[in-house]
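The structure appears right after this line, and notes come after that.
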Amino acid sequence: MRNNLSKITHFFILSCAEATLLLEKKLNGELTFGQIIRLKSHLAMCKWCRSYNRKSHLLQEALQKIISSDSEKQTDKPLDTQKLTADIEKKLKNKLS
């Protein structure tokens, strides 16, 4: 009886590492019903993962706003990868020096 209870408890109780992985998968809509139940159980008990969940959602929303505003500004001109690479290298050199 105790062994069965241990197996059931182990199945339902997620570690924070497992919970954060499921939270990231949830943003992409990739969770099974069982994963949703396990995640909700963990979030009900863990304030740290609830906080991570809120921050993750805020970050996702901010990135979507940036991407959508950039795509509105973007015209049909091709991306200049050489200029982009040069700009990144310049910024990295400035940060390192």
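Here the sequence shown stands for residues 1 to 97, where the numbers follow the UniProt record's numbering. Cβ coordinates follow ideal geometry from the N, Cα and C atoms, glycine included. Keep in mind that this is a model prediction, so the values were computed, not measured.
- Distance, residue 63 Cα to residue 21 Cα: Here residue 21 refers to the residue found at position 21 when the sequence shown is read from its first residue. Here residue 63 refers to the residue found at position 63 when the sequence shown is read from its first residue. Rounded to whole angstroms, residue 21 to residue 63 spans 19 Å at the Cα level.
- Straight-line gap, residue 41 to residue 23 (C-alpha atoms, nearest Å): As a first step, residue 41 must be located in the sequence shown, where it is residue number 41. As a first step, residue 23 must be located in the sequence shown, where it is residue number 23. Spanning the alpha carbons of residue 41 and residue 23 requires a straight line of approximately 13 Å.
- Just the C-alpha distance for residue 15 and residue 61, rounded to the nearest angstrom, thanks. As a working mapping, residue 15 is identified with position 15 in the sequence shown. As a working mapping, residue 61 is identified with position 61 in the sequence shown. So the two alpha carbons sit approximately 26 Å from each other.
- Under the three-state DSSP convention, the category residue 80 falls into: As a first step, residue 80 is located in the sequence shown; it is residue number 80 there, counting from the start. Reduced to three states, the DSSP call for residue 80 is coil.
- Query: How many angstroms separate the CA atom of residue 57 from the CA atom of residue 28?
  - Reply: Along the sequence shown, one-based indexing puts residue 57 at 57. Along the sequence shown, one-based indexing puts residue 28 at 28. Put simply, the backbone Cα of residue 57 is about 11 Å away from that of residue 28.
- Message: Taking a contact to mean a Cβ-Cβ separation below 8 Å, would you say residue 43 touches residue 54 in this structure?
- Response: The residue given as residue 43 occupies position 43 in the sequence shown. The residue given as residue 54 occupies position 54 in the sequence shown. Judged by beta-carbon spacing, residue 54 lies beyond the 8 Å limit of residue 43, meaning their Cβ atoms are not closer than that value.
- Query: Which whole-angstrom value describes the C-beta separation of residue 39 and residue 19, a residue pair presumed to lie in contact below a C-beta threshold of 8 Å?
  - Reply: Locating residue 39 in the sequence shown gives position 39, counting from the first residue. Locating residue 19 in the sequence shown gives position 19, counting from the first residue. Contact flag correct, Cβ pair sits at about 6 Å.
- Message: For residue 35 and residue 94, I'd like the C-alpha separation in whole angstroms.
- Response: Position 35 of the sequence shown holds residue 35. Position 94 of the sequence shown holds residue 94. If you take the alpha carbons of residue 35 and residue 94, they lie about 45 Å apart.
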